[in-house]
Every structure is written in structure tokens, then in C-alpha cells.
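Protein chains in written order, with our numbering: chain A, 25 to 259; chain B, 25 to 259.
Working notes for the structure below.
Right under this line is the structure:
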């Protein structure tokens, strides 16, 4: 591969199909990037998010959308990949069982590979330190460390085209994220956040991800288009 | 996942089936680790190395051997995953076309995921800075940066079980590697290094990887058990 003409307008966007990453895609697009969206089919429970990712990528005018097949249930260790571990439906303390070992590191690594082939210098990820579920790989210091490593890892970086990892949501509340995406025209009705969404993308309304999302819409003052599969407890 | 009893004897070994990683497995085993070997089927040309990895893992008494399926030809950009790019059969300058974008970063990320589930604190990789082919992700500073990132990425590290990335070959010549493995009883006849090995693992004798290997055996004064599929040019 000869890197002769870098493409500073190309960016790789990690797109799960959820609320956060869909907002990130809209932000990258608004900043003028040609967006190449990458999703990971890691045999997650909530497979509906991958269908959502495809709809979101199309709706927001992505140049391309690829879904990598990588069966992380091979390792287990998370409620999202090991069906023997239940998804909690009440608030828990500490790092929750829905944490997937090294998931963001794996996804950023795949984005790095595609970025190098696309001659892109920019990778976007929707991590958020404030009201995420306490996952270690959602903190600014982690993102900074990944960027440092990436700039020692690749042929492109060594040849003078450093990579920037953008995490535009890192310090935003869920309400601020929703307001930002709403202003950019994101149709949140297309997105799926629920950890145990059914095949049609209908949400449980009770898992961490549903709770954060629901409160976010309330605080943002934006109508919540989420489809729930039953009236959630305590709603 | 509750991390209550760390397993300091468990280690994840990245095992390609080639000469270097097989030596690393023997070194980790000699240091007293229970070895969990991880290979990556990334749709590489030299698929025979994966069969070799399985034979090596068994011969050296690994506790387990898993092969992750991850089709990196989705991104292309390397002679090892894109059949339209030829494998060079003469010495080249700079970073060669056999470089696979972000491959070591992806493999270390997967090892990190498995290590966390196994409660292992140690990951071994056979990178080598001296007579490798000038790949940026084979340098000590890269390994150090990955380790730093890993220790911000995982639940285990955050909870006080830091990860160490071991690269015991980093400053060794190919001859020194062969001598070390030979002393530890590695059967190099089981290993496959050639970038374009045939289905039976027979080597071309001409690619970078074959040339480094052949000179290594000569300089080490160890009999070369490599099976070549034809008499190589200039041999």
C-alpha cells in the first residue's frame, strides 16, 4: 500500500446503532467528514442494534457502512455475550456485568485498520464518561492512551499522518447529547440502545441503557421516540 | 464477572504458528505459566500457519488453543489479505506490502479480552524489532504504549490487577531466537513462517519471512527442518 495522497476528509465512525454513536456520526458529518461507519457483530444479545446502525448510516448519508463479524462469546465473561449471565434490571454499583472485556479496544483497533487503508486520519467513538455505566474504556485518559499507542502502531502514523481519536461526547450528559443530535436532525426513532432489545428493536425499558436514555429525553425536553415492548416497571 | 481470585499463572500467548511465536510459547511455559494460546484466522494467504499453531500448542502442552475468526480482507490493504497485491520475492525498502494494517493491535486487543476473562495478568507476543520486516507494531515503544493503554482499558486493571505485555524476543536476532527455542525443545518442523505457504505448509523459500528464517538457522548452527515446495532461486 502506497500512501501518497492522504484523505483528510475521510473518517471512520464507530457506529453501534445506539443513541450516542448515531449522534457522533451526525457531529462528524456536520464537521465536513466523509463518514465510513464501522459496526461490530460480536454476537451481542441486542442484535437489533446492528440493523439500526444500517438504517442510521443511510439516513445520515454515510459513504459506507461495514459490519465486522467477530464472535466475542468465544471468550464470554459478559452479560452481553454470555446468555448464562442475566442483564440487571435495577441499578448496580461498580463496573456492571454488561461490561464486555476489551470491547472498545477491539473496536478502536478495527477502526484503526480501516482508517489506515482509507488513508483517514480521524476516528470517532461515542464514549461518554459522565452517565455511562462506569466502564473503564469510556474515560478520556483511556482514549488518549489509545491514540498514543495508535500513533506508534501504524505505517501511516510512522510516515507522518498521525491519527486522532475523537470522542466528542466524552463530557456531555445524555440530555446534552440528545439536544445536540436533535439539532443536527438525528432521528432517534431509528436507534436502539436497549441491552435486551427484541428482534424488532423494541426496548425493555429497565436495563441501565434504557434508564439513561429515558431520563436523557426527559431532561433534554425532547419527545422520546423509543419503542418499548411493554410498559416498564415504575414508568 | 466477579474478579475474586486472580490467576497469576495464567497467560495468554499470541500464537501464529510461526517460528517466533512458537518460541515465545516455549519461553512462557518454561517460566511456569499455564498457557492459553490465541490464533487469528484473518483470511491470511498462509492459512497453513493456523494448522501449524494447533500442532505447536499441543506439542508444547498449552492448556487451551482458540482461533478467532476475523476477516481482515474486509479492509484489504495488504499483500497478506488482498490477493491482488503480490508477495515480494526480493528484498524491498521501507515498510513492505506484507504489513497488515493494525494487525498486532487487533491481536493484542483480543488477547486482552481473553486475559480479562481468564483473570490472567500476562500476555506474550513474539514481536521482534531487529530482523523483522520493519513493521511499526514490532517495536518496544509500541509494546509499551499498548501496555499503558491496556491498563486503563480493563475492569481487571482498574480493580488492581495490571496487565504486562511480554515481548521476550524484542531484541533477539533470528539466530538467537532459534537457539533459545532449540534449547527448550521446540520442534521447528511443526512451524510455518512462509507468507505464501501451500496448504500442506511447504514454504516458498523466497519471501521475506522465508529468507529471515533460512539465514537464522544457518547463523544459529541448527539444522533447518523447513519443508520447501521447490528449490528456491539463489539457494
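Glycine included, every Cβ here is placed at the ideal spot set by N, Cα and C.
Since we're looking at a predicted model, the values are computed, not measured.
Handout entry: Residues sharing a beta bridge with residue 62 of chain B, DSSP
Key = B/38 and B/90
Handout entry: Interface residues of chain B facing residue 150 of chain A [CB-CB closer than 9 angstroms]
Key = Those do not exist, as residue 150 of chain A stays about 16 angstroms from chain B at its closest Cβ, beyond 9 angstroms.
Problem - Minimum Cβ-Cβ distance from residue 100 of chain A to chain B less than 8 angstroms - result: yes
Handout entry: Residues that residue 194 of chain A contacts on chain B, provided the C-beta gap is smaller than 9 angstroms
Key = Within 9 angstroms Cβ-Cβ: nothing; residue 194 of chain A doesn't reach chain B, min ~14 angstroms.
Handout entry: residue 141 of chain B and residue 100 of chain A closer than 8 angstroms at C-beta
Key = yes
Problem - Residues, ordered as in the chain, of the stretch 123-146 of chain B that lie near chain A by beta-carbon distance below 9 angstroms - result: 123, 124, 125, 126, 127, 128, 129, 130, 131, 132, 133, 134, 135, 136, 137, 138, 139, 140, 141 and 142
Handout entry: Under 9 angstroms by beta carbon: chain A residues contacting residue 166 of chain B
Key = 173, 176 and 177
Exercise for the section: List the whole-angstrom C-beta distance separating residue 135 of chain A from residue 36 of chain A, where the pair is believed to meet the contact cut-off of C-beta under 8 angstroms. Expected result: 5 angstroms
Handout entry: Stretch pair the stretch 76-87 of chain A + the stretch 242-251 of chain A: three plus CB contacts closer than 8 angstroms
Key = no
Handout entry: Meets three-Cβ-pair contact criterion under 8 angstroms: the stretch 157-166 of chain A and the stretch 44-63 of chain A
Key = no
Problem - Where the alpha helix (DSSP H) through residue 215 of chain B begins and ends - result: Element bounds for residue 215 of chain B: n/a, residue is neither H nor E.
Exercise for the section: Compute every distance between the C-beta of residue 130 of chain A and the non-hydrogen atoms of the ligand FMN, then say whether any falls below 7 angstroms. Expected result: Absence of the ligand FMN from the depicted structure is noted, as is the absence of any ligand whatsoever, leaving it without description.
Problem - Beta bridge counterpart(s) of residue 188 of chain B as assigned by DSSP - result: B/146
Practice task
Drop a sphere of 10 angstroms on the beta-carbon of residue 150 of chain A, count the other beta-carbons inside from all chains shown, and report buried for 16 or more, exposed for fewer.
Solution key: buried
Exercise for the section: Alpha carbon to alpha carbon, how far is residue 207 of chain A from residue 143 of chain B? Give it in angstroms, no decimals. Expected result: 44 angstroms
Exercise for the section: Below 8 angstroms between beta carbons is the criterion; list the residues of the stretch 236-257 of chain A that meet it against any residue of chain B, in chain order. Expected result: none
Practice task
Below 7 angstroms between beta carbons is the criterion; list the residues of the stretch 33-52 of chain B that meet it against any residue of chain A, in chain order.
Solution key: none
Practice task
Taking the CB atoms as reference points, tell me whether residue 253 of chain A and residue 228 of chain A lie closer together than 8 angstroms.
Solution key: yes
Exercise for the section: Go ahead and label residue 82 of chain B buried or exposed: buried means 16 or more other beta carbons lie within 10 angstroms of its beta carbon, across all protein chains shown. Expected result: exposed
Problem - Local conformation of residue 247 of chain B per DSSP, three classes - result: coil
Exercise for the section: State yes or no: is the beta carbon of residue 160 of chain A nearer than 8 angstroms to at least one beta carbon in chain B? Expected result: yes
Problem - residue 220 of chain A versus residue 41 of chain B: straight-line alpha-carbon distance, rounded - result: 39 angstroms
Exercise for the section: Indicate whether the contact test is met: 3 or more Cβ pairs, each with one atom in the stretch 124-131 of chain B and one in the stretch 62-69 of chain B, closer than 8 angstroms. Expected result: yes
Handout entry: Where residue 205 of chain B falls, given that 16 or more other Cβ within 10 Å makes a residue buried
Key = buried
Problem - Chain-ordered chain A contacts of residue 95 of chain B [CB-CB under 8 angstroms] - result: 92 and 93
Practice task
Check whether the Cβ atoms of residue 178 of chain B and residue 187 of chain B lie closer than 8 angstroms to each other.
Solution key: yes
Problem - Bounding residues of the alpha helix (DSSP H) (the contiguous stretch that carries residue 171 of chain A) - result: 164-177
Problem - Euclidean distance between Cα positions of residue 152 of chain B and residue 196 of chain B - result: 7 angstroms
Handout entry: Beta bridge counterpart(s) of residue 227 of chain A as assigned by DSSP
Key = A/252
Problem - Top-ranked residue by Cα proximity to residue 124 of chain A, from B/180, B/148 and B/170 - result: B/180
Exercise for the section: Round the Cβ separation of residue 218 of chain B and residue 89 of chain B to the nearest angstrom and send it over; I've been treating them as touching at under 8 angstroms. Expected result: Contact doesn't hold; Cβ gap of about 21 angstroms is too wide.
Exercise for the section: Check each candidate in A/241, A/91, A/161 and A/172 and name the one with the smallest Cα separation from residue 211 of chain A. Expected result: A/241
Exercise for the section: Indicate whether at least one CB of chain A lies closer than 8 angstroms to the CB of residue 80 of chain B. Expected result: no
Problem - Closest residue to residue 137 of chain A among B/46, B/113, B/223 and B/94 (Cα-Cα distance) - result: B/94
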